[in-house]
Structure formats: C-alpha cells, structure tokens
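Presented below is the structure to which this report refers.
Protein chains in written order, with our numbering: chain A, 57 to 378; chain B, 58 to 389.
The following block contains the structure:
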C-alpha cells in the first residue's frame, strides 16, 4: 500500500508540470499585463514607468526563463510574492484557504449525511410515494443555483432574526478558526455549507439511488435473501458497500471542485475564500498568484483522487489484490 | 411417511408489458425426506421460477405467487409471515444458484458469507461460526479451509465458488436443498465433480434435494424422481428409471431423443425439437406443446390435457395422444 501511494504521488509530478505549463501560457495569452492594469488609471501609460514595472516584477526576462524560475520556485516551495499586493503568495492563499476548506468539508459532510440514507431509501422504495418525494427534492437541488438559494436563505435568516429580536442577525465578517471560537466560526460557515451541501447532496443522492438499484438486482443480493438474512444486513453489508463505489468517485470530484469553485457563493455570503481570490488574481493579471492558485487546485484534485483510489481499494478487494 | 415438501397447484405470474405471463401454472409435486427430485425443462419452462417460488424469492413486482400451497415440514410456506419465512430460508431450506461467479458477494470474504448464515440462524458467536465454516469448507472438499476463509470470491475458480455456495446452503443443516441449475455455468469436468459432491453429501447427511436442470444426463444419474416441465406445467412425472425407459409424453420423448449419445452410431443424426417454446402470454386453451408435436390432432386444440396415471403407478403424463405415442414407440 505504501508503495502504491508513493507511486501515485510520483505520477502526480508530470501532471503538475503539465498544468503549470498550461496555466503559464494561458495567462500570457491574455492581452495586457499587470503593469498596464496598475498604471493605466489615467488612460495613457508612461513607457518608462511600464519598463520599470516590468523590470521590477521580472517580466523583462525571456518567457522561458520566467517559466523555469516559476517551476524552480515551486520545486523549492517558494511560491513568490503576489504581483498585486506584494505580499507572499503563500500568505495570500493561507489566509483564504481555511474558510474554503472548512466549507468544502462541511458541505461534504452535509451531502453524505443526506444523500446516502435518502438515496438508499429512494432505491428501496422505488416508484413509491417516498421515492417520488426524494427524487423531487434531488431534482430541485440540481436545478436550483446555489447563489440564489444562498440569497433566499440569508433573507429568511435576516427577516426571522429581526422579527424575533428587533435587529437582524449578522454573520461575522472575519474568519476565526473552529477550535478558537466554534460558535462564531460555525455561524459564518454553516449557511454557505448547507446551501452548497444541498446541491452536492442532490447529485450524490441520485448517484446513490441508481447505484443501489443496480446492486439490488445482483445475484448476490438474491443469495443473501436466500440465506434468510435480516433486511438491514442485506442492505448495509451486502448492497451498500458495493453501491458506494461510484458514489465515492463522485464525492471526490465534487469535493475537489469546492476548493476553488465557489466563486459566486463566496460572493453571496461575503466570504474571503479561494474562489474570490482566484477571480481577483485573474482580473489583476497577477501571474504569480494565479499560477499558484491553479497549482493548488490541481494538487487538491490529485490528492482527492488518491484518497478516492485508496477508498476504492478498501471497499473492493478485487482492486486491493489486483 | 409424510412428504417433506408438497407443492400443490402452485401458480406464479408475472405482470409484464406484453401481458400476464403464467410462468408456473398449477404445478404439483412432492419430495420425500432425503430424496432427490429433478425438475427438467427448456429455458423459459418455468422451472427456475417454481424453485424461487418455494422460498418466496420471486421478485415482486413483477412476479407474484397467485395460488396453491407449499407444505414444507407440516407448514404452508405461503401462509408464513415474512419473518417466519426468513427463518426457513437458509435455516431449513438451503439454496444453490446457477451462477457461482455472480452469486457470491465480491466485497465480502468467503468466511463472512458462510458465518453470517450461522450467526443469523444459529445465534452462533464469531469464533464457533468460524470453526463451523472451516468444517463446512472441508466437507465440500476445499483444501486449506483456514486460508480460503480469508479470501474473496474473485480468488476462487468457478467450481470452488460453487462448492462455497453448497457449503453455505448446508451451513444450518437444512432438510432440503434447492439447486437451480447448479452446474450449468461450469466446465464439464467440474460439473461432474459438483454433482457427485451434492449426491454424496445429500445422501450422507440425509438432505432432500430438488435439482432444477435442463440436462437429462444429470437427471438419469442423480435423481430418484423426475418432473418434466413445459410452458409452466408439469407434463410428465415419475421415477427417473420409468421416465427414461418408457416416456409417456411426446415432449419427454423428444427431449430424450435430442441428447447426443455415445452408444449410438456417430453418423446417426441428432433429433432436435423443432420450433420454439411458446409465448406464455398467448397460450390458448389447448395443449401448449401441440404446435411442436408430431402426434397432435384436433382434440389437442380443444382442451389442455391433465396429468393422469400412465403405465406404472406414480408415473403420470398429460397427453391425449398417448395411444398413438405408444404405437410409434413400438414401431421404432
């Protein structure tokens, strides 16, 4: 198993280099650059100032040299400084990562807690009243944009709290870690996590249902019934473990997406997360920061995939012993 | 002695898009304790459904048992509550399925799949269930049972998996085992081993066996009695010896004739049964074998023949044209 994990991590290196090359090139294909953005406040740009700015940010070097220094920096865990704020990229990211990570984890917990029991129930009661209700809830979850749901949730919370206490409840603005002040932390994270978790659970629920329906038709389920096992055992031990395989894959993909992909939701809830930082970095044409953020997302995908594969091996002995 | 299993007028229907399918249409047979009874027929004759019906494992919907009684050890299985029925399944009646490749759960160890039955029905603890599982694996002829117990189904060959299935069926010392085409998916050499094993074990342990098969060779060697099914009904029933020696139904005759035999000249041609099994949604009131029967006349279209004593005692056949049949047989 150790060997397998080490192998997988080594295989991630070419993926990371490929992603680095791609984002490096794409960023430079965008017309204009950060110095133009910075200096063009009045309309015309002074050529000397522009050259000085380029020299200052190292953009006067050849593209190849810039790329190599970018790669070299990554290899030594030196991610450089943000071209816009002048602060280290690692600082910029680390101040935003906790909230994004927390929302991703919470949303995943919410999604799993809702999706697996309800998806299973939906499959077991296929084409009954229960199934239709659950499926409707799931379809609605897929069709409803998270930001809209977020706005509605916020309005409801504000209206209810102001009706009850006279003043509307305001979520905290700056992030405090969970272990320092759980109440303050959760009051900030719980609404976005529920909103995102609902859509996430809807997708997962549908996957659980269809995987479960497929597994329930398998011969080994009939064998389990012919052995006279109680229903609970047939579902939990025999069916669920097999049905979870595709669900785990889906959860992995969704989780990785949440780290950098919650641009609009972060906007709605006024959260200072990775998604927002991403948009700002691209708008400012902040090469170093954008590159680092893309690499972060790629790394998250690679790691999540590894975790998914390990879970797969744990769930399915055919993979474990292959 | 009272029969162990007595199936009376069992009817199982499927509601499909094409209409109502009477997969099992009023079949009756008995199984004495320790006896091996074969149910023979083509694909689609309802033989597997009749087996699943005994344990009430027919998927509902679309299937449903609509009539009859299944008396097993003095009780009507069709009247038991789901809870009582669960105790019969695996506890008093063991089942072996056709596909050993897919009938074992791929993500559970062999050991788990044996011990869970024991824990369920015998309230055994892990350790004693484990010991019993090792005993069972040796009983079905699996070498190195301790190691096999920790393995997963994909690590075993088809024949081994079928042995495991048999071990599971035998786990709680049932009085009856139902084997649905237990050897169809296996290599010919393995088939014989599995059948010998089942014959040996059922004889040694005094377990009755209902074996569902389309293989007449299996019947000849292993069964005491035979029920031949066609289109959801039993068309001939009797001791294996009598049915082989003097078949009393044209379908049975044709079946016997369609089996390749080594004791006939190699040049002589096989005699397959012409035509297809009937569409069960479109049966008329006549004999369902009539379209494929070379003895059929107008009388066969008017009504369905009932099972009647034919030849020896306990030898039954459902055919109006038995007279013509016997004449033809004598002429050959």
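Idealized CB from N, CA, C, for every residue including glycine.
Problem - Helix, strand or coil at residue 121 of chain B [DSSP, three-state] - result: Position 64 of the second chain, counted from the start, is the residue given in the question as residue 121 of chain B. The answer is strand: DSSP assigns residue 121 of chain B an E or B state.
Thinking C-beta only, is residue 164 of chain A closer than 9 Å to residue 307 of chain A?
As a working mapping, residue 307 of chain A is identified with position 251 in the first chain. As a working mapping, residue 164 of chain A is identified with position 108 in the first chain. Yes, Cβ-Cβ distance for residue 307 of chain A and residue 164 of chain A is below 9 Å.
Exercise. Show which residues of chain B have a CB atom less than 9 Å away from the CB atom of residue 365 of chain A.
Key: Position 309 of the first chain, counted from the start, is the residue given in the question as residue 365 of chain A. Per Cβ cutoff of 9 Å: no residues; residue 365 of chain A is ~16 Å from chain B at best.
| task | Buried or exposed for residue 315 of chain B, please, with buried defined as at least 16 other CB atoms from any protein chain shown within 10 angstroms of its CB. | result | Here residue 315 of chain B refers to the residue found at position 258 of the second chain. Residue 315 of chain B should be labelled exposed.
Review point. Shortest alpha-carbon distance to residue 364 of chain B belongs to which of B:181, B:333, B:292 and B:115?
Key: Indexing the second chain from 1 puts residue 364 of chain B at position 307. Cα-wise, what sits closest to residue 364 of chain B is B:292.
Fill in: Residues sharing a beta bridge with residue 82 of chain B, DSSP
Position 25 of the second chain, counting from 1, holds the residue named residue 82 of chain B. BP columns for residue 82 of chain B point to B:68.
*List the whole-angstrom C-beta distance separating residue 159 of chain B from residue 274 of chain A, where the pair is believed to meet the contact cut-off of C-beta under 8 Å.*
Within the second chain, the letter at position 102 stands for residue 159 of chain B. Within the first chain, the letter at position 218 stands for residue 274 of chain A. Confirmed, Cβ separation roughly 7 Å.
* **Beta-carbon gap between residue 227 of chain B and residue 92 of chain B smaller than 9 Å** => Position 170 of the second chain, counting from 1, holds the residue named residue 227 of chain B. Position 35 of the second chain, counting from 1, holds the residue named residue 92 of chain B. Against a cut-off of 9 Å, the Cβ pair of residue 92 of chain B and residue 227 of chain B comes out as no contact.
Alpha carbon to alpha carbon, what distance is there between residue 132 of chain B and residue 138 of chain B? Reading the second chain from its first residue, position 81 is the one you call residue 138 of chain B. Reading the second chain from its first residue, position 75 is the one you call residue 132 of chain B. Cα-Cα distance, rounded: 12 Å.
### Query
Looking at C-alpha atoms only, which residue of A:219, A:223, A:235 and A:242 is the closest neighbour of residue 229 of chain A?
Translated into the one-based positions of the first chain, residue 229 of chain A becomes position 173. The shortest C-alpha separation from residue 229 of chain A is found at A:242.
- Message: What does the alpha-carbon distance come out to for the pair residue 68 of chain A and residue 131 of chain A?
- Response: Mapped onto the first chain, residue 68 of chain A falls at position 12. Mapped onto the first chain, residue 131 of chain A falls at position 75. Each residue's Cα considered, the two are about 13 Å apart.
Would you identify the three-state DSSP class for residue 197 of chain B, choosing helix, strand or coil?
As a position in the second chain, residue 197 of chain B is number 140, starting the count at 1. DSSP places residue 197 of chain B in coil when its eight states are reduced to three.
#### Entry: Nearest-angstrom Cα separation, counted from residue 153 of chain B out to residue 112 of chain B
Along the second chain, one-based indexing puts residue 112 of chain B at 55. Along the second chain, one-based indexing puts residue 153 of chain B at 96. When rounded, the distance between both Cα atoms is 12 Å.
Which bits of chain A does residue 164 of chain B rub up against, with CB to CB less than 7 Å?
Here residue 164 of chain B is taken as the residue at index 107 of the second chain, counted from 1. Ordered by position in chain A, the residues that pass the 7 Å Cβ test against residue 164 of chain B are 297, 298, 371, 372 and 373.
What are the boundary residues of the alpha helix (DSSP H) that includes residue 104 of chain A? Here residue 104 of chain A refers to the residue found at position 48 when the first chain is read from its first residue. Here the alpha helix (DSSP H) through residue 104 of chain A covers 103-113.
Just checking my contact of residue 81 of chain B with residue 72 of chain B at CB under 8 Å: how many whole Å lie between their CB atoms? Numbered from 1 along the second chain, position 24 holds the residue referred to as residue 81 of chain B. Numbered from 1 along the second chain, position 15 holds the residue referred to as residue 72 of chain B. Residue 81 of chain B to residue 72 of chain B, Cβ: 14 Å. No contact.
With a CB to CB cut of under 8 Å and the five nearest residues on each side skipped, what residues in its chain are close to residue 269 of chain A? Here the question's residue 269 of chain A lines up with position 213 in the first chain. Counting only Cβ-Cβ distances below 8 Å, and skipping sequence neighbours, we find 179 and 182.
Report task. With 9 Å as the threshold, decide whether the Cβ of residue 184 of chain A is near any Cβ in chain B. Result -> Position 128 of the first chain, counted from the start, is the residue given in the question as residue 184 of chain A. Closer than 9 Å: no.
| said: For residue 61 of chain A, count the other beta carbons within 10 Å of its own beta carbon; 16 or more makes it buried, fewer makes it exposed. Which is it? | reply: Taking the first chain and counting its residues from 1, the one referred to as residue 61 of chain A is at position 5. The residue in question, residue 61 of chain A, is exposed, as its Cβ has fewer than 16 Cβ neighbours within 10 Å.
- Please classify residue 264 of chain A: is it buried, with 16 or more other beta-carbons within 10 angstroms of its beta-carbon, or exposed? For this step, residue 264 of chain A is matched to residue 208 along the first chain. Residue 264 of chain A is buried by the Cβ-count criterion.
| request: Using only alpha-carbon positions, find the residue among B:83, B:130 and B:345 that is nearest to residue 63 of chain B. | output: Translated into positions along the second chain, residue 63 of chain B becomes position 6. Per the Cα distances, B:130.
Does the count of Cβ pairs from the region 196-208 of chain A and the region 319-339 of chain A closer than 8 Å reach three? yes
- Give the residues of chain A in contact with residue 212 of chain B, contact being defined as C-beta atoms less than 8 Å apart. Taking the second chain and counting its residues from 1, the one referred to as residue 212 of chain B is at position 155. Going along chain A in sequence order, the residues near residue 212 of chain B (Cβ under 8 Å) are 377.
Roughly how many whole angstroms lie between the Cα atoms of residue 350 of chain A and residue 71 of chain A? If you number the first chain from 1, residue 350 of chain A lands on position 294. If you number the first chain from 1, residue 71 of chain A lands on position 15. Each residue's Cα considered, the two are about 12 Å apart.
| message | Please report the distance separating the alpha-carbon of residue 398 of chain B from that of residue 348 of chain B. | response | There is no way to answer for residue 398 of chain B, as the model of chain B reaches only from 58 to 389.
Quick check: residue 380 of chain B and residue 303 of chain B, are their CB atoms within less than 9 Å of each other?
Taking the second chain and counting its residues from 1, the one referred to as residue 380 of chain B is at position 323. Taking the second chain and counting its residues from 1, the one referred to as residue 303 of chain B is at position 246. Contact: no.
Just mark residue 235 of chain B as buried or exposed, buried being the case when its beta carbon has 16 or more other beta carbons within 10 Å. What you label residue 235 of chain B is simply residue 178 of the second chain in a count that begins at 1. With 16 or more Cβ atoms within 10 Å of its Cβ, residue 235 of chain B is classed as buried.
Residues near residue 364 of chain A in its chain [Cβ-Cβ closer than 7 Å; skip 5 each side]: Within the first chain, residue 364 of chain A is the residue found at index 308, counting from 1. Result list for residue 364 of chain A: 304, 305 and 308, in chain order.
- Task: Please check the pair residue 296 of chain A and residue 186 of chain A, which I expect to be a contact at CB under 8 Å, by giving their CB distance rounded to whole angstroms.
- Result: Reading the first chain from its first residue, position 240 is the one you call residue 296 of chain A. Reading the first chain from its first residue, position 130 is the one you call residue 186 of chain A. Contact flag wrong, Cβ pair sits at about 18 Å.
Alpha carbon to alpha carbon, how far is residue 290 of chain A from residue 244 of chain A?
Here residue 290 of chain A corresponds to residue number 234 of the first chain, with the count starting at 1. Here residue 244 of chain A corresponds to residue number 188 of the first chain, with the count starting at 1. Cα to Cα, residue 290 of chain A sits roughly 41 Å from residue 244 of chain A.
Problem - Bridge partner(s) assigned by DSSP for residue 287 of chain B - result: Here residue 287 of chain B refers to the residue found at position 230 when the second chain is read from its first residue. According to DSSP, which records beta bridges pairwise, residue 287 of chain B is partnered with B:290.
Short-range partners of chain B found in the region 166-184 of chain A, where Cβ spacing is below 8 Å:
none
Within 9 Å of any Cβ in chain B, is that where the Cβ of residue 270 of chain A sits? On the first chain, residue 270 of chain A is found 214 positions in, with the first residue counted as 1. No, because no Cβ of chain B sits closer than 9 Å to the Cβ of residue 270 of chain A.
Cβ-Cβ distance between residue 76 of chain B and residue 339 of chain B below 9 Å = Working through the second chain from its first residue, we reach residue 76 of chain B at position 19. Working through the second chain from its first residue, we reach residue 339 of chain B at position 282. The answer is yes: Cβ separation under 9 Å.
>> For residue 148 of chain B, would you say it is in contact with chain A, using Cβ-to-Cβ distances shorter than 9 Å as the test?
In response: Working through the second chain from its first residue, we reach residue 148 of chain B at position 91. Closer than 9 Å: yes.
Worksheet item: If we ignore side chains and look at the alpha-carbon of each, how far apart do residue 152 of chain A and residue 336 of chain A end up?
Response: To locate residue 152 of chain A, count along the first chain from 1; it is residue 96. To locate residue 336 of chain A, count along the first chain from 1; it is residue 280. Whole-angstrom Cα-Cα distance: 13 Å.
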